[in-house]
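A.B. asks: Each residue of the sequence shown is one higher than the one before, counting from 17 in the working numbering.
Take a look at the following structure, please.
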Amino acid sequence: MDDLKPASSPIPFQAFQYRSVEGTRLNIFHFPAQTEVSDPAPAIVYFYGGGWVGGRVSHLQPQAEYFASLGVSGFLVHYRVVSRDQSTPFDSVSDAQSAVRWVREHAEKFNVNPNKIVAMGGSAGGHLAGACAILSADSSPGVSCIPNALALLNPVTDTTQSGYGSKLIGDRCEELSLTHHIRQKLPPSIVLHGTADTIVPFENSERFCRLLVDSGNDTELVSYPEKGHGFFNYQASTDSKPSEDFLDTLTRIHAFLNHIDFLDSPPIVIAFFNI
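Now the structure itself:
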């Protein structure tokens with residue numbers, strides 16, 4: 017839930033309410049860009065994993081801190097999950113889309129470029145990030161909830177029996193399946209996935225990316241041989257140092273942001289994390 021404490025971060029951040037649903041206050045935590053520039057900054061909206069059932073807002077805090085140090089404004093999202101809110105994955109998707117829309121609505125307040133908003137997430141959080149782009153026709157008037165790019169870490173992309181989540185979602189599982197709603201002109205994306213993932217099959221990301229490319233979308237799949245679910249997490253050992261896979265995913269996503277002209281800087285992950 018809202019388990020973020022400013023004293024625990026080298027970058028000062030603030031909490032803002034982006035939505036209230038039936039008395040449930042949903043917060044978003046802003047990590048401001050740390051570079052001195054006059055132009056509005058790109059932004060990343062982060063969604064933690066947890067199978068739409070649980071999870072911690074702070075899950076992707078190290079990633080937010082790193083990219084904020086490079087001049088990317090970060091927003092960690094608290095969304096409804098089953099264990100805390102008796103909600104459904106459909107509610108989680110609705111919250112995620114509201115969060116991206118809220119960031120774009122408040123772009124001027126946070127000195128954010130509304131045309132350079134990335135949705136990023138891991139596992140079910142990756143599904144939510146992708147859902148903002150793929151499951152939203154966004155035909156309603158007003159501010160769009162569709163991000164300008166996607167960075168997905170072992171994401172849930174197929175919620176049918178061929179993937180993950182069908183037992184929880186039930187008969188409507190195909191409605192939330194990103195793979196079943198691929199179309200042209202989707203935002204550019206990078207997908208990072210371990211080939212030994214036993215929770216979300218690597219094949220799902222292979223198929224997802226192939227369908228994106230076949231539809232003419234700019235997509236990159238980065239495979240991590242013999243790596244399992246959550247390989248990208250900050251700490252994978254007991255020595256208090258980030259794992260090599262964590263650092264590599266930052267480097268890859270950083271290069272992706274350079275590729276789509278959201279950033280123009282070399283990776284500095286080793287220096288940032290003082291290894």
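All residues carry an ideal CB built from backbone N, CA and C; glycine is no exception.
Just tell me which of Val69, Glu242 and Ile286 has its CA closest to the CA of Leu144.
C.D. replies: It is Val69 whose Cα lies nearest to the Cα of Leu144.
A.B. asks: Does the segment 121-128 come close enough to the segment 78-86 that 3 or more CB-CB pairs lie under 8 Å?
C.D. replies: no
A.B. asks: Taking Tyr82 as part of the alpha helix (DSSP H), name the residues at either end of that continuous run.
C.D. replies: For Tyr82, the enclosing alpha helix (DSSP H) stretches over residues Gln77 to Ser85.
A.B. asks: Among residues of its own chain, excluding the 5 on either side of Asn233, which ones have a beta-carbon nearer than 6 Å to its beta-carbon?
C.D. replies: Contacts found: Leu202.
A.B. asks: Can you give the Cα-Cα distance for Ser74 and His122, rounded to whole angstroms?
C.D. replies: 22 Å
A.B. asks: Cα-Cα, which of Gly71, Thr40 and Gly66 is closest to Tyr180?
C.D. replies: The residue among Gly71, Thr40 and Gly66 with its C-alpha nearest the C-alpha of Tyr180 is Gly66.
A.B. asks: With burial defined as no fewer than 16 other Cβ atoms inside 10 Å of the residue's Cβ, what is the status of Pro171: buried or exposed?
C.D. replies: buried
A.B. asks: Determine the extent of the alpha helix (DSSP H) in which Val98 is found, giving its start and end residues.
C.D. replies: Val98 to Asp101
A.B. asks: Determine the direct distance from the alpha carbon of Glu190 to that of Ala140, and round the result to whole angstroms.
C.D. replies: 15 Å
A.B. asks: Using the Cα positions of Gly71 and Ser281, report the straight-line distance between them to the nearest angstrom.
C.D. replies: Straight across, the Cα-Cα distance linking Gly71 with Ser281 is about 32 Å.
A.B. asks: Tell me Gly138's beta-bridge partners as DSSP assigns them.
C.D. replies: Leu169
A.B. asks: Is it the case that the segment 91-103 contacts the segment 53-67, given that we only count it when at least three CB pairs across the two stretches are under 8 Å?
C.D. replies: They touch, by the three-pair rule.
A.B. asks: Using only the alpha-carbon positions, how far apart do Ser36 and Gln30 sit?
C.D. replies: Taking the straight line from one Cα to the other gives about 18 Å.
A.B. asks: Do the CB positions of Gly90 and Phe32 come within less than 8 Å of each other?
C.D. replies: no
A.B. asks: Helix or strand or just coil, what does DSSP make of Phe45?
C.D. replies: strand
A.B. asks: What span of residues does the beta strand (DSSP E) with Gln113 cover, start to end?
C.D. replies: Run containing Gln113: none in the beta strand (DSSP E); it sits in the alpha helix (DSSP H), Pro105 to Glu121.
A.B. asks: Considering only residues of the segment 182-213, which uninterrupted alpha helix (DSSP H) runs meet the minimum length of 4 residues and lie entirely inside it, listed in chain order?
C.D. replies: 182-185
A.B. asks: To the nearest whole angstrom, what separates the beta carbons of Thr173 and Gly138, a pair I think is in contact under 8 Å?
C.D. replies: Rounded, the Cβ-Cβ distance is 13 Å, inconsistent with contact.
A.B. asks: Sorted by chain position, which residues of the same chain lie with C-beta nearer than 6 Å to Thr211's C-beta, five sequence neighbours on each side aside?
C.D. replies: Phe218, Ser239 and Pro241
A.B. asks: When DSSP builds the beta bridges, which residues end up paired with Ile60?
C.D. replies: DSSP, once it has assigned bridges, lists Gly90 and Val134 as partnering Ile60.
A.B. asks: Give the DSSP bridge partners of Arg268, in chain order.
C.D. replies: None; Arg268 has no bridge partner.
A.B. asks: Looking at the structure shown, is Phe29 part of a helix, part of a strand, or coil, going by DSSP?
C.D. replies: coil
A.B. asks: Should Lys183 go down as buried or exposed, given a rule of 16 or more other Cβ atoms within 10 Å for buried?
C.D. replies: Under the 10 Å beta carbon count, Lys183 is surrounded by fewer than 16 other beta carbons and is classified as exposed.
A.B. asks: By the three-class DSSP mapping on this structure, what secondary structure does Leu279 have?
C.D. replies: coil
A.B. asks: Pick out whichever of Ser205, Val53 and Ser114 has its Cα sitting closest to the Cα of Arg268.
C.D. replies: Ser205
A.B. asks: Please work out which residues of its chain come closer than 6 Å, Cβ to Cβ, to Leu273, disregarding the five sequence neighbours upstream and downstream, and give them in chain order.
C.D. replies: Leu279
A.B. asks: Helix, strand or coil for Val53 per DSSP?
C.D. replies: coil
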